[in-house]
Amino acid sequence: MGIVIAIDGPAGAGKSTIARGLAQRLGFTYIDSGAMYRAVALWALRENLDPSDSHRMEQLARAAEIRLEAGGGVSLNGEDVTQAIRETAVSVAASVVAAVASVRRALVEKQRAIGAQSNVVMEGRDIGSVVFPAANVKIFLDADPAERVRRRAQETAADPARVSGEIEDRDRRDRARSESPLTQAPDAVYLDSTGLSIEQVEEAILRIVRARITNGKEFR
Ligand code: DC
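Anchor point for the sequence shown: position 107 equals 102 in my numbering, and the numbering is continuous, going up by one each time.
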């Protein structure tokens, strides 16, 4: 088992940017677990399948060959889907697929297998609470709703009013589902990134990492 740094939190809190930067600085593997739910959702949409159909979605989740590249690239069954999985329809379908228990079981297995092989910074909703309850460091990264909408709108060049509705719906579904809802693990450190720069958030987390991991490994 490698070292695991788990970063959970709602949409638009800055998880991807922060997790990718931290992984680079630490020389760890960056894993965007949300991209795995998105890849399954994309496949379902292309096949015209209902993303809440538990049986079919489990089949897709188990059959999907998902590759996550170090730079953030994502491939599904050999095809580069880095851009395609970011479309709004896929975001919506991903949060429906993510509520299916059998899909979660299949993808959590894949996530644990990756964590068993290397040191990882893994971001998602349930990494510290379910996927790696014994993670070395757990961060719950949050930000004010208005700031999360602003960041997401800027990132996707979309209309803030539309982004606001979409984020609200997605967060509600992610927090309300019965299976592994978005929640802060009791031993996670809560970090509010509102008004902080990427550099400031990274530094705050690195301080926690250095304080927690005292097994002689060196960090830059
Ligand atoms: O982080 P993201 O927006 O790319 O995630 C896409 C969807 O997948 C989102 O609705 C939450 C869900 N998700 C999840 O349920 N568990 C994870 N570990 C990661 C993402």
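A virtual CB, placed ideally from N, CA and C, is assigned to each residue, including glycine.
None of these values were measured; they are calculated from a predicted model.
Counting of Cβ neighbours within 10 angstroms places Y25 among the buried residues, the total reaching 16 or more.
With contacts defined as CB atoms closer than 7 Å, G16 and G119 fail to qualify as a contacting pair.
Closest in alpha carbon position to G4, among D169, G73, A206 and L44, is D169. Non-local beta-carbon contacts of S97 in its own chain, meaning distances under 6 Å to residues more than five positions away in sequence, involve S49 and E53 in chain order.
Placement of the Cβ of S28 at a distance of less than 6 Å from at least one heavy atom of the ligand DC is found. In its chain, beyond the 5 residues on either side, M(-4) and G(-3) have a beta carbon closer than 8 Å to the beta carbon of A111.
Apart from sequence neighbours up to five positions away, the residues of its chain that approach P155 with a beta-carbon distance below 8 Å are V144, R145 and A148, ordered along the chain. Shown here for A88: same chain residues with a beta carbon closer than 8 Å to its own, the five before and five after excluded, namely A36, L37, A39, L40 and P46 in chain order. For T24, the enclosing beta strand (DSSP E) starts and ends at T24 to D27.
Using a C-beta cut-off of 8 Å, the stretch 163 to 182 makes contact with the stretch 119 to 128, since at least three inter-stretch Cβ pairs fall below that distance.
In this structure, V115 keeps its C-beta atom at 7 Å or more from the C-beta atom of V196. In this structure, DSSP gives A34 a helical state, which the three-state scheme calls helix. Distances between the C-beta of D166 and the heavy atoms of the ligand DC are all 6 Å or more.
Annotation for I134: the continuous beta strand (DSSP E) segment containing it runs V132 to D137. In this structure, V95 keeps its C-beta atom at 7 Å or more from the C-beta atom of I80. Checking the 6 Å criterion, the Cβ of R100 is out of range of every heavy atom belonging to the ligand DC. Under the three-state reduction of DSSP output, V92 falls in the helix class. Within the same chain, Cβ atoms closer than 7 Å to the Cβ of D187 are found at D137 and A138, the five residues on either side in sequence being excluded. Just measuring C-alpha positions, the residue of V184, E194 and T77 sitting nearest M31 is T77.
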